[in-house]
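Heads up, the sequence shown is in the numbering used here, so the first residue is 64 and it goes up one at a time.
Built from N, CA and C at the ideal position, the CB exists for glycine as well.
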Amino acid sequence: MSVLVGGCGSDDGGADAQSTTTAIASSATSCNSTDADLKDPAKNPDMIMWMHAPRVEDSAEVIGGFDVLSCGDQWRSAQPTGAGYCTIIARSSDNPGYDVDVKPAPRPSNPVDTVGDC
């Protein structure tokens, strides 16, 4: 299983999605209040982040311990929004058996949030 703590990127007119999606561990953890909160799965469930970008296969990563309520704005602002870019975040618990290693990655069910041209 892959684990990503956050994702970021920008639309530069067609850059490879692998270069526009990078880990931002300090950003994702800084919006959580305490170490105890980070360890509480009820407050910070694992999430699936699904990414679509022009000219590359759809991909997905697991974001461990992500607080959607506290980090949602920060997460949204870090995603590419140009034509053809779509990022979806969904709870792992709503997608039992979801395999992030499958390429192209299927869209997860029951999105919590979407960003971009979805």
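Exposed unless 16 or more other CB atoms sit within 10 angstroms - verdict on residue i
i	result
A146	exposed
E124	buried
P159	exposed
P169	exposed
V163	buried
A88	Caution applies to A88, whose pLDDT of 31 falls short of 50 and renders its modelled position unreliable; the value that the coordinates give is listed next. Exposed, by the Cβ-count rule.
Same chain, Cβ closer than 8 Å to residue i, neighbours up to 5 away in sequence not counted
i	result
D176	V131, G135, W138, R139, I151 and I152
P167	E120, D121 and S122
Own chain partners of residue i with C-beta closer than 6 Å, once the 5 adjacent residues on each side are dropped
i	result
P174	I151 and A153
S155	D109 and I111
H115	D121 and C149
C181	C149
Simplified DSSP assignment, three categories, for residue i
i	result
G179	strand
R139	helix
D162	coil
S133	helix
S172	coil
Close-in-space but distant-in-sequence residues of the same chain around residue i (CB under 7 Å, 5 per side omitted)
i	result
D157	S172 and N173
V165	none
Residue i at chain D interface by Cβ criterion, 7 Å
i	result
A141	Here there is only one protein chain, and chain D is not present.
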